[in-house]
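J.: What follows is a single structure, and I will ask about it in a moment.
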Amino acid sequence: MTTDLVTYYGQTEKINELVDNYGAYLEKLDRGTKLLLRMTLAYFVFIQEQKSNSGEYTLTDALKEALFVRFRSDFIPKDLSNVCSVLEGLTADEAETLLEALQHQIRWGNAQKLTS
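Heads up, the sequence shown is in this note's numbering, so the first residue is 7 and it goes up one at a time.
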């Protein structure tokens, strides 16, 4: 049985919208963008755990504040900004779902690093 790697662990309207825009396996995003999205989502979940008013903290906030932005602010892929816009209102649970899917894609799936 094959499963949709984005929605296998949890499927919500926000995740459906992401899938509608970028494919069932987020195949329209390249490996680098998926790595940066994974970092952004992890930072988002971390801040959600730390802040008492975390409901006001958005994925776009995480994108702007994540450590990699300080080093690569001139190289934020447009797709990554667009993904964060699509996912506005994302919950920590939904972020965890996407983190699991991205981890699988980056390690084993369509975004794995190919070595010769």
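Each residue gets a CB set at the ideal place from its N, CA and C atoms; glycine is no exception.
Keep in mind that this is a model prediction, so the values were computed, not measured.
Specify the secondary structure class of THR107 as computed by DSSP and reduced to three states.
T.: A quick correction: the sequence has Ala, not Thr, at residue 107. If DSSP states are grouped into helix, strand and coil, ALA107 belongs with the helices.
J.: Straight-line CA distance for ASP26 to LYS57?
T.: The straight-line gap from Cα to Cα measures roughly 31 Å.
J.: Taking the straight line between their C-alpha atoms, what separation do you get for GLU106 and ASP99?
T.: Distance between the alpha carbons of GLU106 and ASP99: 11 Å.
J.: Specify, as a first and last residue, the run of the alpha helix (DSSP H) that TYR49 falls within.
T.: Looking at the DSSP string, the run of the alpha helix (DSSP H) that includes TYR49 is 37 to 56.
J.: Straight-line CA distance for LEU35 to VAL92?
T.: Whole-angstrom Cα-Cα distance: 14 Å.
J.: Would you report the Cα separation of GLU23 and CYS90, rounded to the nearest angstrom?
T.: The alpha-carbon atoms of GLU23 and CYS90 are separated by roughly 12 Å.
J.: Report the residue from GLN111, THR64, GLY29 and HIS110 whose alpha carbon sits nearest the alpha carbon of ASP85.
T.: Among GLN111, THR64, GLY29 and HIS110, the Cα nearest to that of ASP85 is on GLY29.
J.: Just to confirm the assignment, what range does the alpha helix (DSSP H) spanning TYR28 have?
T.: First-last of the alpha helix (DSSP H) with TYR28: 19 to 28.
J.: Go ahead and pull the three-state DSSP assignment for GLU62.
T.: Reduced to three states, the DSSP call for GLU62 is helix.
J.: Pull up the distance between the alpha-carbon of ILE21 and that of GLU71, whole angstroms please.
T.: ILE21 and GLU71: Cα-Cα distance of roughly 23 Å.
J.: With 16 other CB atoms within 10 Å as the buried threshold, where does SER40 fall?
T.: Note that residue 40 is Lys in the sequence shown, not Ser. When all chains shown are included, LYS40 counts as buried.
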